[in-house]
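Numbering (this note's numbering), first residue to last: 114 to 390.
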């Protein structure tokens, strides 16, 4: 990554230190905004159409006027990737209230999960929460403090991710991931009515497996402990095996379902890459 990192602010390429916004608008003062984090492979964004659809839908729900077509967003992302000479990593698209209009920021990061991380699996810590399904549950808003603090706490405890459990004992989601458990050759994930984000990777997994091998269902702590396999998903990691939740160990030498799914998911990513710049 060059020292002079480039971002795109409101359709114009700028150096990151020269990209300024007003501190007086609701986007900065109150977190009135949202974001999408998109995986980049071979300098091309993965599942961009799905991300654009969610971004547009969330913008409408949060009263952030946004009418940028998919092809225009693709061109903007291409320009930022080329300006930063980024081949592998991620791009973040942020929409925010800037008074009468909606601001758009596109930035990049060089980020990748190592083969060693997939081999050892994610270690999860559980945390009780009183979160409930609400009008913001389906959106990646800029009010992300609970998730940030939870993940930092998990890292401080030697784990990789925090898993939220509601006050009825049902799993919701990770701080930055969706949860799946496997029992009897079928994957289960908490229903959206329980309050998880409708993740892009989550939707891809459900579509890839089909209704016979993947279903929405409530998952309590006892079912976590009894699961044959567990994995988490998000747009950057795809499918990540889970090797531990609190003190419960899951044998990654015996997780054929997750390993096969991981390979299938990676294969699914390839035809969903945006056209080469």
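Each residue gets a CB set at the ideal place from its N, CA and C atoms; glycine is no exception.
{"Item": "I need the straight-line Cα distance from residue 134 to residue 209, nearest angstrom please.", "Value": "10 Å"}
{"Item": "Can residue 170 and residue 313 be called in contact, C-beta distance under 7 Å?", "Value": "no"}
{"Item": "Using only alpha-carbon positions, find the residue among 228, 292, 374, 187 that is nearest to residue 151.", "Value": "187"}
{"Item": "Below 8 Å CB to CB, which residues in the same chain sit around residue 263 once its five sequence neighbours on both sides are set aside?", "Value": "240, 275, 277, 288"}
{"Item": "Within its chain, find whatever has a CB closer than 6 Å to the CB of residue 178; leave out the 5 residues flanking it on each side and keep chain order.", "Value": "215"}
{"Item": "Report buried or exposed for residue 145, applying the criterion of at least 16 other Cβ atoms within 10 angstroms of its Cβ.", "Value": "buried"}
{"Item": "Quick check: residue 121 and residue 219, are their CB atoms within less than 7 Å of each other?", "Value": "yes"}
{"Item": "In angstroms with no decimal places, state the Cα-to-Cα distance between residue 280 and residue 243.", "Value": "6 Å"}
{"Item": "Helix, strand or coil for residue 237, going by three-state DSSP, please let me know.", "Value": "strand"}
{"Item": "What are the uninterrupted segments assigned as alpha helix (DSSP H) that are 4 or more residues long and contained completely in the region 253-302, given in chain order?", "Value": "258-269"}
{"Item": "Please classify residue 180: is it buried, with 16 or more other beta-carbons within 10 angstroms of its beta-carbon, or exposed?", "Value": "exposed"}
{"Item": "Would residue 222 and residue 203 qualify as a contact pair, given that the criterion is a beta-carbon distance under 7 Å?", "Value": "yes"}
{"Item": "Just list the residues that DSSP pairs residue 158 with in beta bridges.", "Value": "153"}
{"Item": "For residue 351, name the three-state secondary structure that DSSP assigns.", "Value": "strand"}
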